[in-house]
Every structure is written in structure tokens, then in C-alpha cells.
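Read the structure below first, then the notes.
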Amino acid sequence: MAVGTMRYWAAAKEAAGTPEEPYDAATLAEALRRARELHGGSTRFDAVVANCSFVVDGDPVGRRDHAAVVLTEGGTVEVLPPFAGG
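Residue numbering for the sequence shown follows UniProt numbering, beginning at 1 and increasing consecutively.
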């Protein structure tokens, strides 16, 4: 397990109700599952995050399997919803 920071941007920040929160997880998939649990199964949060892109420690995740994306101690996960105009 690694402890780090998950940062939410734009609609993800609004849905989470906070700009950031800690993660305690080994993979991106686990961190996202725990975030969904933390937000009580909010359909708004789930819907927004389902459409987000992720950047882990400055590296775009792209189409990689979230279960294969290993998180680092003190790392950062950026949660980026689609942005209008690009």
C-alpha cells in the first residue's frame, strides 16, 4: 500500500466536494474503488469519475488497465474530467 494525494479538478472537484483527499492504495483501481466508497456510492461522483482521465505522478494513464497502474508513496493522482474546447 502507498499513501499519497488524489487531486480533483473541475467537475470532479465539485462532485467530490473537495479539491483533494488522501489515498491509501497499491493501484489506481484500488484508489478509485476506495474513493467511490468514501463518497458513499454517490451516482454523481461515480458518473464524473467514470469519464475522467488520470495522471499518476506526472505520467498520463491513458488506456492502461487501472489495476496495472502502481501508486507510489507520497505520489499524486490527478483526476481530470473532460474539458470543453480541448
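Yeah, the Cβ is synthetic: ideal placement off N, Cα and C, and Gly gets one too.
For residue j and residue i, the rounded distance between their alpha carbons
{"i": "ALA10", "j": "PRO81", "result": "7 Å"}
{"i": "LEU71", "j": "VAL77", "result": "8 Å"}
{"i": "ALA25", "j": "ALA31", "result": "5 Å"}
{"i": "GLU37", "j": "ASN51", "result": "17 Å"}
{"i": "GLY40", "j": "ARG34", "result": "10 Å"}
Residue i (DSSP reduced to helix, strand or coil)
{"i": "GLU20", "result": "strand"}
{"i": "ALA26", "result": "coil"}
{"i": "ARG36", "result": "helix"}
{"i": "PHE54", "result": "strand"}
Pair within 8 Å by beta-carbon distance, residue i and residue j
{"i": "VAL49", "j": "VAL79", "result": "yes"}
{"i": "ALA15", "j": "HIS66", "result": "no"}
{"i": "GLY75", "j": "VAL56", "result": "yes"}
Burial state of residue i (16 or more Cβ within 10 Å)
{"i": "ALA47", "result": "exposed"}
{"i": "PHE54", "result": "buried"}
{"i": "ALA68", "result": "exposed"}
One or two residues paired with residue i in a DSSP bridge
{"i": "GLY4", "result": "TYR23"}
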